[in-house]
Amino acid sequence: MVRTTRRNALKLLGVGVAAGALGMPWVRNAQASGPYKIGFLGSLSGPAESLGAPMLEGVKIAVEDINAAGGTNGRQLELVVRDDKAKPDVGTAAARELVGEGCSMLLGVVSSAVALAVSAVLQQEDAVLITCAAHSMRLTKEDFNRNYFRITDNPFMRQRAQAHVMAERFGEVTTWGGLIPDHEYGRSTWECFDNGLKTYYPELAKAEPTISKPVMTTYGGSDYRNFVASAMRDPAVGFFVSAYGGDAITMYQQALPYGFFKKKHPIVDAANEFIVARAMKENFPEMWIGSHWYSGAFTGNPMNDELARKMTERTGIKFLDGFIGEGYSAVRAYAEALKTADSGKTADVIKALEGLTFDSPTGKRTIRAEDHQTIKPVVLYRVRGASNADGIEVVEHRVIDGATVIDPATPGVKLTF
Amino acid sequence: MVGDFLLVGLNGMTWAMAVFLVAAGLTLIFGILHILNFSHGGFVMIGAYLTYTLINQTSGPTGIFVFLAVAVLCAAVVGVLGYVIDRTVFERLKAVDDSYSLIATYAMLILCEGGVKLVWGPDFIALPPPAGLDGALLLGDLFIPSYSLFVILSGIVVFLVLDFWIHRTRSGKVMQSVALDPWMANVLGININAMFTTAVVAGFALAGLAGGLLAPNQSLSPGLGGTYIIQAFGVIIVGGIGNVRGAFIAALVLGMIDAFGTVYVPEYPGIFFYIAVAGILMYRPQGLLSGIR
Amino acid sequence: MSNLLEVRGVNFAYPSLKVLTDINLTIREGESHVIIGPNGAGKTTLFKVLSGEMFAKSGQVFYEGQDVSALDAWQRVHRGIGRTFQMARLFVEQTVLDNVIMALESRERIKKTAHGRWWRLSPTKEIVEEAHLRLAEYGLLKRVDDLAANLSHGDKKRLELLLTLALRPKLIMLDEPTAGMAPEDRRAAIETINRLRQSEGLTLLLTEHDMEVVFGLATRLTVLNHGEIIASGDPEEVRRDPTVRSIYFGKGAAHA
Amino acid sequence: MSRGQNTSSTTSAANAAILAAALVFATLPLWADKGLVFLAGIVMVQIVFAVSFNLMFGLTGLVSFGQAAFFAAGAYTAAWLGRAVPELPFLIFCLAGGLVGALLALLIGVVALRRASGIYFAILTLALGQLVYTLIGKSDALGREDGLVGIKRPVIDLFVGTLDLSIGDRYYYFLLVACGILLGLLWWVWHGQLGRLLAALRQDAERIRFFGVNVRRYREIAFIISGGVTALAGALVAPWSQIITPAIAHWSYSALPILFCLLGGASRFWGPAVGAIVFAGLEYATRTMVGVSELIVGGALLVVVLAMPGGIVGTLSLLARKLTKNGKERLNEQSA
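Protein chains in written order, with UniProt numbering: chain A, 1 to 417; chain B, 1 to 293; chain C, 1 to 256; chain D, 1 to 336.
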């Protein structure tokens, strides 16, 4: 474990130094020939590093694959990497720097705050951004702009798909509560899940759900016991949690002795991929987790299998996080768009991306022309701790067709329920 | 209702003792050297990571005594680190203005983060409580996680030991006199440099111990160093400069205010800690107690 | 001579220590009033209460007939009270000249003249000239550019006196003005202070240990013991006062 | 007259350095890429932030650990007004931001300065600052945790015509001029009678009290000027970064100006500016060194602090003084 991550760090360091050497501040050329330059912008340090680093790996594999196959339009892809430290101001500076170095095609971004900040300056900088994880609904709703694209699902799709599966599988569980971090993303996931419960329980379980007021939690804290206690007092049986990363680990760990996971079932985790499960291993309580991409759900898709094989080879990790698939897909989207927008000019790239259908590890995806939201399958898996070498196992997974749970395209208009 | 009240009180106690464990070493160093050690949280983090690694070396489920032994071992290792830092960094900070030590130790906090990332990687890590502390006691209809009780007990024990040392032993009393008037202590033939080093090593060892004992309390990541530090600052300042008793009382007071505030005014979680710190400092500008005691 | 400062029934105590008990004292305009008493008699505390650094628990302080008991030190300075400290207080990181300029500008700020406007970038020519003049008067001209920290003990005391007088106070309180001075410096200091009193029309209030200085300066003498005034009046009368003698020399000596 | 110990040669060297730095900032858009230009804009604002903070820290001797609250107050006020009443001129937003910062400083200053001093004052301001941080993060009007996004760069009315600052590098130059003016103001305060008075107050509050100075009042004045100018810097940064989040009110943001002041040297007016530039340079140079940037930044910081306890500027001027002194002695020897 320790050894592999250190090797990762060194590998990342290698990329960074190479990127640094390429990225001299006084170079201001936008090449019309030579390789297409793609700028990766993601959290490579700070609290979201463990999300940004795998995303970058996916991006790198895609670039290698495409270049090995002769590139796009006979031109190679060149990757320039910048760290946004999950801070909006650092992200905007890095984005501007990437554009200054001739990378007007940007991708990556973990944090919604960074995505919103960078998205706001895209038009001014004449650049395009495809985000691979940032989930804020505002990006394709009230703060939409034409230079921004999202390659993955959004809370409306993800959380409603989760509610869909719950109504289908746990029709008898009609009381639901939530443990929600008190920020925009947290509230937005809850609103969407709440909407999904109200939509699918009457439809699929023939029952009206009773939904409690969610417990709003802090984030970045070290003590969630009072929130867990509040949730324990709540009569709801099913629980939805959208705490993230380290916060989720802390919360689950402190919830365990209260018998939270014995009393509350099922638990739906909004988006933690395998991050929390890999950390908690045998102690990880069973829950349904939303994911960007799960290789086990798409076996048989050659792109999927190849990506999973290469990633496991490189990192030794068996349960791969969805960020890898999304980084990979974003590069694929650019490569596909460049086939028609061979100039690489921003206006052309935007035009080519709108309505684009392309191959990805989750099968065919289509980018909606109106609000630049991608229609893609939503993935859920049921994970629990296990006494095997990995410490966890995926009991089952579900894939929901994205088109059935997607929001109507209303760019510029705030999402309301 | 009474059960709720007890539960919130217990959670407040757990928080209070966790923060006190971190603050104890901080206030010791602050009291003697007048260095507000920003990197203290970083060394708590190193203690926690070390504990994680050592526990993973042992096979099978970890018992309480193994866990305690590992925590003490980590305290020793971090204490040695403290000795090195005393010689290389703190030694030079004595001559400069107080605020410079703030930036030097801030730089050390950044270094701790970088070091932890290099050794353990950026991914989140979790350490479960040892066997015997992973369950809960049932008191009536009240669930009391045994690990919470363990944290509370650890805090109290550490407090009692420190208090005994400072008030009942010769070396503790010497330490008090050094804190009050190093010049006079020097005149009386006390080797104050040795006392400074002792305080630093003890302070760091306490950081390592806190890290070890609290490793199962929350997730481990390179950002852990900053998690407790502001709370610990609040506690030692409200408690009064270098005052271990004060810090203990302050931790309890602030923990209770924060716990009840969070439960009864859930719209603004976490804000009550700061309101309490500001309020108490306005009422008692020198903290609750003062002088190393 | 009219009364400049009047103290009526002042008491001061720390939580567990009574420091001043029912102090009644009058300082007349133009006199040189010296307060003596053993260490711990409450001289410094009395000074602090009179200057406004600390407030009495009860009793009043009148200055020029007005009750100033509630005024802070800086406000009493505006009324014309100045003081020096046992250990000279200066702006040690600044040059001697800058110290004097700071005092002169403060005086102008109190008088609200154009020289004392806070937005003025550099001191006016008049201020700088006056500073040089005053420094010359005190024999400090050759130290103009030295840091105040680098002055000798005597020079520091002299500079502090200069600074305090630069504010043109009516009453100046000197806390052991000759402490730590060599005998010849002491004599010079007595001369300077007496000259100042006459030339500038100052009223002086001092504490002092050295008897040569006390009788060289005092026109009136007050003896403080255990926070109480045990005698006050003409220096020679006080010298002969039996209570004072009994306290200083023991009971038997009082009748000798 | 001679104030301080700067000999004329070191003064002229310092002036040349300031001029060179100003020139670099002024010509940056002509030769550097956009990312660097953006960073330079942030650094300019941070310089104003740090220098205004140093009015209290270096000059008056008060350590406030809640300075970010004023920065955020200015930024949020200006950005919020820009949304609520977009028809008003931009300069009004800035002034309003500064005013709100000054008022907040008055409020915090009156409370905190009256009660606490030293490290207690630092922690009291930290707690009050965190209070502001939490309240911003919970306020719907201020965008809660996600902040205000898509802040527009303004069009200013110049009487003779309008100037659209959203085009090209115009806002950068506007920022340059605005920061220049603010630094000029601060320079005036620092070196003027008020500044000298505050410096004297730091050295001996008792002595200055017996110069008839209301010490607490002047500390409050320093706090208010400092808070107001910091807020103005915040107001200026909002349209530049085009997004503001509660992070700019967090205690770690309050630590920045302290860092800059100590790194550059708190006893000199330009010290914090040097600190801000050096720190930004360090971060910029390590931005692609993924995985080890913390080690390099932390290590460099530690070395600078341990090797240069007076900060960079303080140490340099000490060095210069020694050199010129040696030079003079040598000259004297030769002439003798």
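Just so you know, even glycine gets a beta-carbon here, dropped at the ideal spot from N, CA and C.
- Taking a C-beta cut-off of 8 Å against chain B, the contacting residues of the region 131-147 of chain D are L131, T134, L135, K138, listed in chain order.
- Where P181 (chain A) is concerned, the enclosing beta strand (DSSP E) starts and stops at 175-181.
- Interface criterion met: the Cβ of S106 (chain C) is under 9 Å from a Cβ in chain D.
- Pairing D175 (chain C) with T45 (chain C) gives a Cβ-Cβ distance that is not under 9 Å.
- When DSSP reads this structure, L224 (chain C) sits in a beta bridge with C:I229.
- Close to chain D, meaning a Cβ-Cβ distance shorter than 8 Å, are the following residues of the region 62-89 of chain A: V81, R82, D83, K87, P88, D89.
- The secondary-structure analysis by DSSP pairs A13 (chain C) across a beta bridge with C:K18.
- Below 8 Å, too few C-beta pairs join the region 127-140 of chain A and the region 252-266 of chain D to call them touching: fewer than three.
- DSSP, read as helix, strand or coil, puts Y244 (chain A) in coil.
- At a cut-off of 9 Å between beta carbons, Q67 (chain D) makes no contact with chain C.
- Shown here, S51 (chain C) sits in a helix according to DSSP, grouped into three states.
- Within 10 angstroms of the beta-carbon of E294 (chain D) lie 16 or more other beta-carbons, which makes it buried.
- Under DSSP, no beta-bridge partner is assigned to Q242 (chain D).
- Annotation: the continuous beta strand (DSSP E) that includes W288 (chain A) extends over 287-291.
- In the structure shown, D210 (chain C) falls within a coil segment according to DSSP collapsed to helix, strand and coil.
- Beyond the five residues adjoining it in sequence on each side, K198 (chain A) comes within less than 7 Å, by CB distance, of P209 in the same chain, given in chain order.
- Put simply, of D:G35, D:V213, D:L135, D:I248 the residue whose alpha carbon is nearest the alpha carbon of T230 (chain D) is D:I248.
- Between the alpha carbons of V253 (chain B) and D67 (chain C) lies a gap of roughly 45 Å.
- For P257 (chain A), at least one C-beta of chain B is nearer than 9 Å to its own C-beta.
- Between the region 268-276 of chain D and the region 78-87 of chain B there are fewer than three C-beta pairs closer than 8 Å, too few to call the two in contact.
- Two segments are said to touch when three or more pairs of C-beta atoms, one from each, lie closer than 8 Å; by this definition the region 266-280 of chain B does not touch the region 13-31 of chain C.
- Straight across, the Cα-Cα distance linking A200 (chain D) with G80 (chain C) is about 21 Å.
- With respect to the C-alpha of L281 (chain B), the residue from D:F25, D:L124, D:R83 having the closest C-alpha is D:L124.
- DSSP, reduced to helix, strand and coil, places K281 (chain A) within a helical segment of the structure shown.
- With a threshold of 16 other beta carbon atoms within 10 Å, T362 (chain A) meets it and is buried.
- Residues are counted here when their Cβ sits less than 9 Å from a Cβ of chain D; for the region 70-92 of chain B these are T88, V89, R92, given in chain order.
- According to DSSP, G82 (chain C) shares a beta bridge with C:I172.
- The C-alpha of L196 (chain C) is placed about 23 Å away from the C-alpha of E126 (chain C).
- In the DSSP assignment, D157 (chain D) is bridged to D:T162.
- Annotation for G264 (chain D): G271, P272, V274, G275, G311, I312, V313 place their beta carbon closer than 6 Å to its own, counting only its chain and skipping 5 residues before and after.
- When CB distances to chain A are screened at a threshold of 8 Å, the residues of the region 162-175 of chain D falling below it are S166, in chain order.
- Under the three-state reduction of DSSP, E87 (chain D) is assigned to coil, being neither helix nor strand.
- Ranked by how close their Cα comes to the Cα of G82 (chain C), the residues C:P123, C:G42, C:L167 have C:L167 in first place.
- With a threshold of 9 Å between beta carbons, M45 (chain B) makes no contact with chain D.
- Look at V238 (chain B): its C-beta is under 9 Å from a C-beta on chain D.
- For K322 (chain D), the nearest beta carbon of chain A is not closer than 9 Å to its own beta carbon.
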